[in-house]
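Working notes, beginning with the structure itself.
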């Protein structure tokens, strides 16, 4: 009996020990920051963040190492102490995504060193946690009444341009969240230009994954650069906003009003804007979200999502984007509401926006077409008048059934109505200046459309730790209807004399519909504490139709004669079945996931006018590999690879015949095969607390096998016929590199930084039967200096050279190689009696090239003087000048296949503006005083 009890006790002890080992754990090494000496016998204390109760404690061994095991999930505070050193304090969370947290080296600083450098900080300015770079807002200086945008401009690795577009670590930021939730959908400027900077606790920068990937913890390849604005706890109750009105000369005006009321988990906001200065209206991101163009897009499994909207014609081609071309007039408004209840287990987030945008302007385009026998130069001038009206609403509802099961439903819809008109004239000449063709084209059209999207995601944590099941369903509906008139006169020359004339006078009617259904089931199974397997099955079914009709006139204005040559009725059905398996390995400082997805795609296309059917089947393989190594909380390295197939698009296989541009005819190629692309990505992040030194670099490289390229034949009078073909002996490549470095110089109270960037590609096309290799690349470097002295002045200066390389193998002597110089600055001077001087500027220089013999130089300076009123300085009267030197000339150069183009356009130039702004704020029940 005694032996039995001893045995039973031993078994129970082993069982309890094994259970303890299955819990969460932390580890690390305590070192001297300056000398890197390991600090043995340092005290490590762990307390619960919620109530500050002691959880456990230990001391470091002779090598300065420590490890605490058997911890529960939750939020903790770690204290590391050693005699005569300043305490190290860090808050962290243990959850299913972080079961073993390795702090790496915890650097302690001698108290004498802290006093010597007048450095008192238990809060690190930047913390790097895996893919997330977290900025502590209190570590960066901003002026009173500044906005979130002003705070972002202080953060290393983040740039904000004059239009509010945010670039972080060399990539465009697509989402800005507030406390992890959407705020007015995908409109970042409504966050960055309206929320106050002093409300922010932290700014988190990361690559947001899909909801399913975040739930399973395994990367599914879907990533979007995202900023999350975390508010201070005492700034989540109260109201704030602003009212801004301005009037200027030359009939310029602008106005904006925004009101926000926060009551902890309940939030309401409303806004309205109007103006013709280009500084109000739809944000840069919403222009993409609303746009009805974009005829096809690649799905995750390499299939094709069909949203047929007419290909490359001028009918319905404008999606409502204002990119600086022309003079805009905008009127917009919207409302937002979010709430959480039942202890946060249920939440809703909804928004509605309505807007109208009108743009008038002109374009001048010079194009050089490089052929084996010479060049063709085309000069075209365009005048346009465009208007679009749209409404959009969206809502997100989330509910937690219990501690293991959740449901998230997202609904989004857009209605749009537009009117466009355009007049275009072009002239084509050969390399000696001889006349080849002349064209005149006039278009008018009306468009209507709707977009709807609904998705539901159910997640379930099963009994075994790490075992999960999720199911996502979504449906996308697109409808577009357009009706317009085309009139075109085209004259072709042979040896300087008129050879032929082609006149087009037609009514165009385009009706397009598409519907896409997706179902994705994902199951994750932990194989061990470090290893997990994720399986998925995705079903995708899409149906699309495109009816295009062209009518010739019978008599004056009676367009009833159907032109079958330029009319089509297409129907496209697609069915895809995908199976995937991903393995995730996480141990110590490394996280690795690898696997593949295999899809079988059936492609069924029917030309109902020709009574013909085209059916194809493809098998796609999408392997992926991702490795991340965390040196410490402030340093990480990531390497990834993925491969995917790209199917030929509808227009490449059997295009809809359009005659809007008689100079360019498109033919389909039903024998096209899919191409395959390999992509490699690398990134490195590092931050050193002492000196606030930040280093980041990222790069990517891709090559494509069996690429789909353009096969073009251009005749003697400049008419081109386009068809697509596969190349089996060439592999186009794309590459990208970006780096950023910044450091504080305490002696001069400056922050200095430098950056390098490079991007380019090598691609191919066939021109008049000959292979053309186009090489295009750009290189740039920059240095920047920043200083903020509160209530005195602040400035930021950034400048650097660029070099562009672009040449075609058919005409190497006609290259587009040249130097350039870019720079920008901002400064504010705070004067007595509450006066302030503000200025910003952008400088651009582009040298002449062999293809374009004119250099381009532009220096846009904006300046204003303002005075603040009231005790809290929330009322401001200002007078400003936009484009002080009157140098804002629209200009761009670009290369495509064997063509080089230069574009000039009308844009907003100098004007004077008087404005009055009231910035009110009452958060936490107390008015904020400066």
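Residue numbers (mature numbering (1 follows the signal peptide of the UniProt record, and there is no 0)): -20 to -1, 1 to 910.
Note that the Cβ used here is the ideal one computed from N, Cα and C, for glycine as well.
For residue j and residue i, believed in contact at Cβ under 8 Å, the rounded distance
i: residue 22; j: residue 61; result: 7 Å
i: residue 525; j: residue 493; result: 5 Å
i: residue 362; j: residue 402; result: 6 Å
i: residue 440; j: residue 385; result: 5 Å
i: residue 682; j: residue 346; result: 31 Å between Cβ atoms; not a contact.
i: residue 978; j: residue 571; result: Nothing about residue 978 can be read from this structure; the chain reaches only from -20 to 910.
i: residue 597; j: residue 582; result: 5 Å
i: residue 13; j: residue 87; result: 4 Å
i: residue 890; j: residue 864; result: 7 Å
i: residue 878; j: residue 790; result: 6 Å
i: residue 617; j: residue 664; result: 5 Å
i: residue 153; j: residue 209; result: At roughly 12 Å, the Cβ-Cβ gap does not stay under 8 Å, so residue 153 and residue 209 are not in contact.
i: residue 719; j: residue 677; result: 4 Å
i: residue 546; j: residue 530; result: 4 Å
i: residue 832; j: residue 859; result: Rounded, the Cβ-Cβ distance is 39 Å, inconsistent with contact.
i: residue 352; j: residue 484; result: The Cβ separation is near 30 Å, so there is no contact.
C-beta atoms of residue i and residue j nearer than 9 Å
i: residue 236; j: residue 222; result: yes
i: residue 766; j: residue 779; result: no
i: residue 723; j: residue 731; result: yes
i: residue 913; j: residue 437; result: The chain is shown only over -20 to 910; residue 913 falls outside these bounds and no answer can be derived.
i: residue 212; j: residue 180; result: yes
i: residue 65; j: residue 19; result: yes
i: residue 248; j: residue 316; result: yes
i: residue 418; j: residue 406; result: yes
i: residue 128; j: residue 71; result: no
i: residue 83; j: residue 69; result: no
i: residue 706; j: residue 679; result: no
i: residue 126; j: residue 672; result: no
i: residue 309; j: residue 338; result: yes
i: residue 556; j: residue 510; result: no
i: residue 451; j: residue 502; result: yes
i: residue 460; j: residue 491; result: yes
Bridge partners - residue i, DSSP secondary structure assignment
i: residue 371; result: 334, 395
i: residue 29; result: The partner list for residue 29 (beta bridge, DSSP) is empty, contrary to what the question assumes.
i: residue 315; result: 250, 332
i: residue 898; result: 223, 855
i: residue 766; result: 731, 776
i: residue 6; result: 48, 81
i: residue 228; result: 893
i: residue 597; result: 582
i: residue 825; result: 801, 837
i: residue 405; result: 361, 420
Environment of residue i [buried if 16+ CB atoms lie within 10 Å]
i: residue 478; result: exposed
i: residue 770; result: exposed
i: residue 885; result: buried
i: residue 903; result: buried
i: residue 462; result: buried
i: residue 590; result: exposed
i: residue 650; result: exposed
i: residue 792; result: exposed
i: residue 275; result: Reliability of the predicted coordinates at residue 275 is poor, the pLDDT of 32 falling under 50, and no value is obtained from them.
i: residue 566; result: buried
i: residue 512; result: buried
i: residue 517; result: exposed
i: residue 868; result: buried
i: residue 105; result: buried
i: residue 2; result: In this prediction, residue 2 scores a pLDDT of 48, lower than 50, which makes its location untrustworthy; the coordinate-derived value is nonetheless stated afterwards. By the 10 Å Cβ count, residue 2 comes out exposed.
Closer than 8 Å: residue i CB and nearest the ligand ZN heavy atom
i: residue 209; result: For the structure depicted, the ligand ZN is absent and the ligand set is empty, with no information on it obtainable.
Mind pulling the beta strand (DSSP E) runs of 3 or more residues that sit fully within the stretch 779 to 811?
798 to 810
Every unbroken beta strand (DSSP E) inside the stretch 432 to 511 [3 residues or more]
448 to 474, 477 to 506
What are the start and end residues of each continuous beta strand (DSSP E) run of 3 or more residues lying completely inside the stretch 859 to 890, in chain order?
870 to 876, 879 to 885
Length-filtered (3 minimum) beta strand (DSSP E) runs lying within the stretch 602 to 662:
615 to 626, 644 to 646
Can you give, in chain order, each stretch of the beta strand (DSSP E) that sits fully within the stretch 131 to 166 and has at least 3 residues?
138 to 140, 146 to 148, 155 to 158
Along the chain, which unbroken stretches of the alpha helix (DSSP H) at least 4 residues long are found entirely within the stretch 831 to 863?
none
Please specify which runs of the beta strand (DSSP E), each continuous and at least 3 residues long, are wholly inside the stretch 539 to 586, giving them in chain order.
539 to 542, 548 to 567
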